[in-house]
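Presented below is the structure to which this report refers.
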Amino acid sequence: MQIPGHIDPVPVPREVTPREDGRIDLLGLPKKQIAALFEQAGLDARQAKLRGKQVFHWIYHRGVSDFEAMTDIAKTMRPWLADRFVIARPEVVEAQHSSDGTRKWLLRTADKHDFEMVFIPDADRGTLCVSSQVGCTLNCRFCHTGTMRLVRNLTPGEIVGQVMLARDALGEWPKGRMDGLDDAESEGDYSADGRLLTNIVMMGMGEPLYNFDNVRDALKIVMDGDGLALSKRRITLSTSGVVPMMDKCGEEIGVNLAVSLHAVTKDIRDEIVPINKKYGIEELLQACADYPGASNARRITFEYVMLKDKNDSDDDARELVRLIKKYKLPAKVNLIPFNPWPGATYECSTPDRIRAFSNIVFEAGISAPVRTPRGRDIDAACGQLKTAAEKKSRAELDRIAAEKQAALED
Numbered sequence: 001m002q003i004p005g006h007i008d009p010v011p012v013p014r015e016v017t018p019r020e021d022g023r024i025d026l027l028g029l030p031k032k033q034i035a036a037l038f039e040q041a042g043l044d045a046r047q048a049k050l051r052g053k054q055v056f057h058w059i060y061h062r063g064v065s066d067f068e069a070m071t072d073i074a075k076t077m078r079p080w081l082a083d084r085f086v087i088a089r090p091e092v093v094e095a096q097h098s099s100d101g102t103r104k105w106l107l108r109t110a111d112k113h114d115f116e117m118v119f120i121p122d123a124d125r126g127t128l129c130v131s132s133q134v135g136c137t138l139n140c141r142f143c144h145t146g147t148m149r150l151v152r153n154l155t156p157g158e159i160v161g162q163v164m165l166a167r168d169a170l171g172e173w174p175k176g177r178m179d180g181l182d183d184a185e186s187e188g189d190y191s192a193d194g195r196l197l198t199n200i201v202m203m204g205m206g207e208p209l210y211n212f213d214n215v216r217d218a219l220k221i222v223m224d225g226d227g228l229a230l231s232k233r234r235i236t237l238s239t240s241g242v243v244p245m246m247d248k249c250g251e252e253i254g255v256n257l258a259v260s261l262h263a264v265t266k267d268i269r270d271e272i273v274p275i276n277k278k279y280g281i282e283e284l285l286q287a288c289a290d291y292p293g294a295s296n297a298r299r300i301t302f303e304y305v306m307l308k309d310k311n312d313s314d315d316d317a318r319e320l321v322r323l324i325k326k327y328k329l330p331a332k333v334n335l336i337p338f339n340p341w342p343g344a345t346y347e348c349s350t351p352d353r354i355r356a357f358s359n360i361v362f363e364a365g366i367s368a369p370v371r372t373p374r375g376r377d378i379d380a381a382c383g384q385l386k387t388a389a390e391k392k393s394r395a396e397l398d399r400i401a402a403e404k405q406a407a408l409e410d
């Protein structure tokens, strides 16, 4: 069954490429799986469970990647762990800072594939835009990422690793000892209060619902109260409309839902969001109406990129209102001024046209804020993510990395 795009997505989880040193990477694994690996490596079941709990806390609550820093684990045990396991991070190839405070990272996997993540600070929140795939298979015509071929799905560790790297960069890991893990710890110890990184959106490179198992497993770790402990109400998953997976997403992950709608007629949405040819607008909106947990307190967000003379007329705005009311959707609409990129065939709607569109939706009682473009000067704005590896040769990136390392060693 073909899916619009260059190639079909990988239908089943792919085995992680083994490390050359034979060690197993623990990043992205839940407590039970860590304990099972420890038991397979020779610990008895009781000790494996205890060590699994301790290591899980160190990885996800403290951000530690060196077993020697795990002070509540016996000194003789730490080398045993280091010989068999590793706690990795995606490699940072390049980090960029926008003039508006937005930060973008070009990351590289262990098997040398590149992808990006973005952190967007605001007055009352800090949002990390996380990628789920290397490349994308959907070919949305207004989206720069959509011009890439899908290389592969990101693993749970590579997805969680983006959150870990952001916490590293923002210096937001708790300090102090971790002795006494058997003592009860309150959820307050893991709250996002006072942190810069408060929210996650699965809106980076890729279609999250075409990598469902890995995204689900990663987000469960992010939401685990013993570790990163980000509430599901602070996490939003964005889909272009993979209808068969939407109910499963609500049931098994339970995070907020955003839908890349971008058009209200079949012809226009077929053109700019090709998956519409497979799962049409009416089918998509019914799946939204059926989404578990959707309510006025947890509204579905419709993302709508404003394209000049394509989807921005008063009639389009009125049709959007009609569809939302027809399906009785608890919804808000994010109007996104189109972010241009080299070779794009569309233009952004004028500010007056965007304002008129927004007013029509607002007057119908539906929230329709206009998103302020962020990170345009570093190609980090919505729809602009595309790995810089395609703009610079691999040799050039390696040369830059070598020069940085040499400078550090001087």
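Quick note: the sequence shown, position 392, residue 392 per UniProt numbering, numbers continuous. Cβ atoms here follow ideal geometry from the backbone N, Cα and C, with glycine treated the same way. All figures in this text were calculated on a predicted structure; none of them were measured in a lab.
Own chain partners of residue i with C-beta closer than 6 Å, once the 5 adjacent residues on each side are dropped
| i | result |
| --- | --- |
| Val215 | Ser132, Pro208 |
| Gly206 | Ser131, Ser132, Gln133, Cys136 |
| Met70 | Trp58 |
| Arg108 | Glu91, Val93, Asp114 |
| Leu219 | Ile253 |
| Ala95 | Trp105 |
| Pro330 | Ala294, Ser295, Asn296, Arg299 |
| Asn276 | Arg269, Asp270 |
| Pro67 | The identity of residue 67 in the sequence shown is Phe, whereas the question assumes Pro. Taken in chain order, the residues that qualify are Arg78, Leu81, Ala82. |
Three-way DSSP call (helix, strand, coil) for residue i in this model
| i | result |
| --- | --- |
| His97 | strand |
| Asp183 | Interpretation of Asp183 is limited by its pLDDT of 40, a score under 50 that renders its predicted location unreliable; the figure taken from the coordinates is listed afterwards. The answer is coil: DSSP assigns Asp183 none of H, G, I, E or B. |
| Val321 | helix |
| residue 411 | What the structure shows of the chain is the stretch from 1 to 410, and residue 411 is not part of that stretch, so it cannot be assessed. |
| Cys348 | strand |
| Glu20 | coil |
| Asn199 | strand |
| Ala166 | helix |
| Val370 | strand |
| Asp25 | strand |
| Cys249 | helix |
| Cys288 | helix |
| Glu282 | helix |
| Asn359 | helix |
| Asp217 | helix |
| Asn276 | helix |
| Leu50 | helix |
| Pro244 | helix |
| Asn211 | helix |
| Met205 | coil |
| residue 413 | Past the edges of the chain, shown from 1 to 410, lies residue 413, and the structure says nothing about it. |
| Ser313 | coil |
| Leu230 | coil |
| Ala35 | helix |
| Gly343 | coil |
| Ala45 | helix |
Sheet register partners of residue i (DSSP bridge)
| i | result |
| --- | --- |
| Thr239 | Val259 |
| Pro337 | Met306 |
| Thr265 | According to DSSP, Thr265 bridges with nothing at all. |
| Thr301 | Ala258, Lys332 |
| Arg152 | Val134 |
Neighbourhood of residue i by C-beta, 7 Å cutoff - its chain only, sequence neighbours within 5 removed
| i | result |
| --- | --- |
| Trp173 | Arg62, Gly63, Arg167 |
| Arg23 | Arg84, Phe85, Val86 |
| Leu43 | Arg51 |
| Asp182 | Interpretation of Asp182 is limited by its pLDDT of 39, a score under 50 that renders its predicted location unreliable; no figure is taken from the coordinates. |
| Arg89 | Ser65, Gly161, Met164, Leu165 |
| Gly361 | As written in the sequence, residue 361 is Val, which differs from the Gly given in the question. Closer than 7 Å at the Cβ level, and outside the excluded window around Val361, lie Ala317, Leu320, Val321, Val333, Ala368. |
| Gly188 | In this prediction, Gly188 scores a pLDDT of 34, lower than 50, which makes its location untrustworthy; no coordinate-derived value is stated. |
| Lys31 | Gly52, Lys53, Phe56 |
| Arg353 | Asp312 |
Nonlocal neighbours in the same chain, by C-beta distance under 8 Å from residue i, ignoring five residues either side
| i | result |
| --- | --- |
| Asp193 | Here Asp193 scores only 49 on pLDDT, less than 50, and its place in the model should not be relied on; the value that follows carries that caveat. Hits under 8 Å: none found. |
| Met77 | Arg51 |
| Pro292 | Asp247, Gly250, Glu251, Gly254 |
| Glu20 | none |
Residue-level contact to chain B via CB, residue i, 8 Å cutoff
| i | result |
| --- | --- |
| Asn153 | No chain B appears in this structure, which consists of one protein chain only. |
Determine, using beta-carbon pairs with one atom in the region 98-117 and one in the region 154-169, whether at least three such pairs fall under 8 Å. yes
Should the region 321-335 be regarded as contacting the region 297-309, the criterion being three or more beta carbon pairs within less than 8 Å? yes
Check whether the region 249-267 and the region 230-241 touch, using three or more Cβ-Cβ pairs below 8 Å as the test. yes
Could you name each continuous beta strand (DSSP E) segment of 3 residues or more that falls completely within the region 62-129, going from the start of the chain to the end? 91-97, 103-108, 114-121, 126-129
So, does the region 305-319 touch the region 353-360, judging by three or more C-beta pairs under 8 Å? yes
Would you check if the region 277-286 and the region 316-327 touch, i.e. whether three or more CB-CB distances between them fall below 8 Å? yes
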